[in-house]
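Protein sequence lines correspond, in order, to chains E and L.
FYI, in the working numbering the residues of the first sequence are 75 to 624.
FYI, in the working numbering the residues of the second sequence are 111 to 185.
Ideal Cβ placement from N, Cα and C applies to all residues, glycine included.
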Amino acid sequence: MTSYVQPRYAYRRSPDQDAASPVKPVVVVGAGPVGLALAIDLGQRGVPVVVLDDDDTVSVGSRAICYAQRTLEILDRLGCAETICAKGVRWNVGKVFHRDALVFDFALVQEPGHHRPGMVNLQQYHLEEALVRRALAVSGVEVRWKNRVTGVRVGRDRVDVTVDTPDGDYALPCAWLVACDGARSPVRGMLGLESEGQAFRDRFLIADIRMQSSFPSERWFWFDPPFHPGQSVLLHRQADDVWRIDFQLGPDADPDEERKPERILPRLRAMLGPEARFEIEWASVYTFQCRRMSRFRHGRALFAGDAAHLVSPFGARGANSGFQDADNLAWKLALVIGGDATDALLDSYDAERTLAADENLAHSTRSTDFITPKGRASRTFRDAVLALAKRHPFARRLVNSGRLSTPTVLASSALNTDDRDADFPCGAGAMVPGAPAVDAPVEGEAGPWLLGTLGPGFTLLAFERLAEADVDALARRTVPVRVVQVGVPSTRGASSVADTEGFVAARYAARPGTCYLLRPDQHVCARWRAFDLGAVERAVARAVARTEDR
Amino acid sequence: MTTLVTAPNLDRPDDFYERLVAAHRDLDDAQSATVNAKLILLLANHIGDADVLDQAIAAAREDLAPAGLHPRDDR
Chain E
75 MTSYVQPRYA
85 YRRSPDQDAA
95 SPVKPVVVVG
105 AGPVGLALAI
115 DLGQRGVPVV
125 VLDDDDTVSV
135 GSRAICYAQR
145 TLEILDRLGC
155 AETICAKGVR
165 WNVGKVFHRD
175 ALVFDFALVQ
185 EPGHHRPGMV
195 NLQQYHLEEA
205 LVRRALAVSG
215 VEVRWKNRVT
225 GVRVGRDRVD
235 VTVDTPDGDY
245 ALPCAWLVAC
255 DGARSPVRGM
265 LGLESEGQAF
275 RDRFLIADIR
285 MQSSFPSERW
295 FWFDPPFHPG
305 QSVLLHRQAD
315 DVWRIDFQLG
325 PDADPDEERK
335 PERILPRLRA
345 MLGPEARFEI
355 EWASVYTFQC
365 RRMSRFRHGR
375 ALFAGDAAHL
385 VSPFGARGAN
395 SGFQDADNLA
405 WKLALVIGGD
415 ATDALLDSYD
425 AERTLAADEN
435 LAHSTRSTDF
445 ITPKGRASRT
455 FRDAVLALAK
465 RHPFARRLVN
475 SGRLSTPTVL
485 ASSALNTDDR
495 DADFPCGAGA
505 MVPGAPAVDA
515 PVEGEAGPWL
525 LGTLGPGFTL
535 LAFERLAEAD
545 VDALARRTVP
555 VRVVQVGVPS
565 TRGASSVADT
575 EGFVAARYAA
585 RPGTCYLLRP
595 DQHVCARWRA
605 FDLGAVERAV
615 ARAVARTEDR
Chain L
111 MTTLVTAPNL
121 DRPDDFYERL
131 VAAHRDLDDA
141 QSATVNAKLI
151 LLLANHIGDA
161 DVLDQAIAAA
171 REDLAPAGLH
181 PRDDR
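So, in structure tokens, the structure goes:
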């Protein structure tokens with residue numbers, strides 16, 4: 075029924091199947107969005123990586139379809155945002171309806187001066203195809219299709235992985251194993267580990283339909299609409315004139331019955347009208363869970379994406395948080411493998427991303443409680459909020475149809491250096507230590523956007539002109555720091571950008587002298603009102619978990 | 111921390127109480143529950159202070175022995 079033709083990637087026999095394989099630096103299990111993003115990032119950092127996937131194609135069905143601004147910025151760093159944005163549907167406005175009336179609308183990004191939009195919708199298979207193409211173009215990245223992990227033993231110095239292929243088993247030892255093998259994570263099971271939390275009873279139907287429509291590219295959410303009384307409905311536009319419609323069915327729905335076209339069609343007709351012409355592309359009945367592993371690092375085995383944590387779909391926090399996992403892990407693994415940091419740095423992956431998972435789980439659970447209230451009191455309050463929201467602005471803030479993914483501010487991370495200068499803003503949206511660097515338009519050799527100007531490693535964003543000797547000293551460190559100067563004449567060895575519209579200074583609350591230290595994943599880890607070489611060096615040491623330097 | 115006011119604070123307590131009860135007089139149980147929920151939400155927003163609201167929630171539950179399983183437990 076789908077019009078999408080799955081690509082088939084050929085299984086190829088590896089030399090590792092014929093002779094004892096040398097110990098690989100990193101093996102990634104799972105060529106989904108998270109595994110591929112991690113592999114591309116590692117490859118770009120010069121770390122050879124083998125990705126194992128038990129299948130030979132991309133996602134079957136559209137699955138994760140919303141990619142948030144921060145994810146697009148990460149994809150920019152990985153060299154594939156352009157393809158994905160060109161193919162996808164950008165949107166910025168969400169509308170919430172109760173019964174037959176609009177309750178309110180919201181904008182994801184409320185100000186100009188960002189390279190990437192608030193959200194891009196794209197079928198997961200298209201996204202994965204773009205990632206596979208990019209992965210194959212990055213030297214050092216090898217994807218092995220039809221390679222299924224059947225055994226994992228985590229030792230002190232290495233991980234022994236057994237892999238099953240159409241040609242039989244082979245042994246693949248590696249220094250680090252990253253499991254990005256999805257919600258059911260076979261690797262997690264093989265290691266006897268659990269992901270704990272709660273399963274929700276309500277069933278939902280996803281119907282992807284192909285339809286020519288003049289509907290705007292917006293997220294529309296209905297509570298108790300006339301065409302599907304008592305339940306909720308969510309509408310999203312995807313690429314290729316495909317629309318995602320998500321019907322809440324309640325806890326008693328029969329999944330096998332609800333999957334049948336004769337059950338789906340009347341629901342669609344009620345919503346779209348008897349005249350609407352459409353074809354069903356894909357349908358799936360699902361329940362969801364909110365859970366996570368207690369730790370994402372188990373010695374030399376690390377977990378990322380759905381394997382590590384699972385949320386409800388409301389808020390698009392699954393795939394988007396998985397990309398942030400990969401973003402967080404790649405530079406740390408690269409430094410550890412390169413000998414420039416100890417494995418203590420990987421504990422910060424666990425600390426930072428379990429914190430992020432808790433934030434996502436809290437949002438996801440709250441949305442779920444609002445969308446599918448349990449018990450009479452909970453339902454009464456929910457309906458009261460919706461009724462009040464029509465007239466009273468305060469109640470609109472309580473309506474929760476999903477709080478859409480924003481990147482986690484790693485405010486409590488041990489890698490951050492606390493502010494020494496007291497006059498930096500600290501409220502929501504401020505560039506506090508732990509916040510991902512926000513983009514802004516600039517003029518410079520590396521193009522018209524600030525994030526595109528940052529280096530692959532640590533960057534010092536300086537709103538003053540540094541001495542050449544300081545730029546040199548930072549560049550020559552074991553963990554080098556590249557200097558990007560804003561709005562000042564260039565110094566040899568540093569990049570310079572012009573803050574033509576004043577967005578950079580405003581977003582970074584900068585004055586002459588202000589400096590921000592950004593990690594390789596573009597998160598702020600320290601900031602000062604004046605440059606101090608020693609302070610920058612101590613902050614870098616702290617950000618790579620080098621305790622002896624503190 | 112602002113403390114929840116539990117000393118008398120209503121200008122005309124009997125008038126208020128009469129109006130509160132009157133607001134429910136022609137309603138069935140479900141409508142009454144709706145009005146109460148809206149009232150709580152409106153007043154909570156007016157108060158705004160999370161500490162005060164937390165104390166009010168705690169005071170409202172005082173001396174109650176929970177008699178029901180929370181519906182969250184079964185999913």
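Assignment of E/S358 by DSSP, reduced to helix, strand and coil, places it in the strand class.
In this model, E/V557 and E/R601 are separated by some 14 Å (Cα to Cα). DSSP places L/F126 in the uninterrupted alpha helix (DSSP H) bounded by P123 to A132.
Put simply, the backbone Cα of E/N474 is about 22 Å away from that of E/R144. For E/A281, the beta-bridge partners assigned by DSSP are E/I319 and E/A357. Listed along chain E is no residue with a C-beta nearer than 9 Å to that of L/L174; the closest approach is about 13 Å.
Short of 8 Å from the beta carbon of E/A511, and not among the five residues preceding or following it, lie these beta carbons of its own chain, in chain order: M505, L524, L525, L528, L535, Y590, L592, Q596, H597 and V598. At a cut-off of 7 Å, the C-beta of E/T454 has a neighbouring C-beta in chain L. Looking only at E/V562, E/G567, E/V560 and E/G561, the smallest Cα-Cα distance to E/P554 is reached by E/G567.
E/T533 sits in a strand when the DSSP states are folded into three classes. Rounded to whole angstroms, E/L489 and E/V516 show a C-alpha spacing of 28 Å.
Judged by DSSP in its simplified three-state form, E/F352 adopts coil rather than helix or strand.
Per DSSP, reduced to three states, the secondary structure at E/E203 is helical. Look at the beta carbons and you see the segment 327-337 of chain E not touching the segment 250-261 of chain E: under three pairs across the two are nearer than 8 Å. E/E353 counts as exposed, since fewer than 16 other C-beta atoms from the protein chains shown sit within 10 angstroms of its C-beta. Where E/M193 is concerned, the enclosing beta strand (DSSP E) starts and stops at M193 to N195.
A distance of 7 Å or more separates the beta carbons of E/F321 and E/R337. The segment 389-405 of chain E makes contact with the segment 105-119 of chain E, as at least three CB pairs between them are under 8 Å. Cβ contact annotation for E/R82 (same chain, cutoff 7 Å, sequence separation greater than five): D130 and T131, in chain order. With its beta carbon at least 7 Å from every one in chain L, E/A327 lies outside the interface. About 5 Å separates the Cβ atoms of E/L435 and E/C364, confirming a contact at the 8 Å cut-off.
In terms of Cβ geometry, E/R366 and E/A461 do not form a close pair [threshold 7 Å]. Between E/M285 and E/W317, the C-beta gap is smaller than 7 Å, which places the two residues in contact.
Residues of the segment 460-475 of chain E with a C-beta atom less than 8 Å from some C-beta of chain L are A461, L462, H466, F468, A469 and L472, listed in chain order. Interface flag for L/A177 against chain E is unset, since no Cβ pair is found closer than 7 Å. Residue pairing for E/R222: DSSP places it in a beta bridge opposite E/D238. By the CB criterion at 7 Å, E/V194 and E/N166 fall outside the cutoff. Counting along the chain, no alpha helix (DSSP H) covers E/Q305, and no H or E run does either. Only residues of its own chain outside the window of five on either side were considered, and among them V145 have a CB closer than 7 Å to the CB of L/A133, listed in chain order.
Under the 8 Å Cβ criterion, the segment 86-97 of chain E does not count as touching the segment 188-205 of chain E, having fewer than three qualifying pairs. Between the alpha carbons of E/A509 and E/M264 lies a gap of roughly 35 Å. With a cut-off of 8 Å on Cβ pairs, the segment 447-461 of chain E is not in contact with the segment 372-382 of chain E, counting fewer than three such pairs. Looking at the DSSP output, E/Q272 shares a beta bridge with E/C364.
Scanning chain E for C-beta atoms nearer than 7 Å to the C-beta of L/N155 yields F468, reported in chain order. Contact of E/A543 with chain L is not assigned, every C-beta pair being separated by 7 Å or more. K448: these are the residues of the segment 429-448 of chain E whose beta carbon lies less than 7 Å from some beta carbon of chain L, given in chain order.
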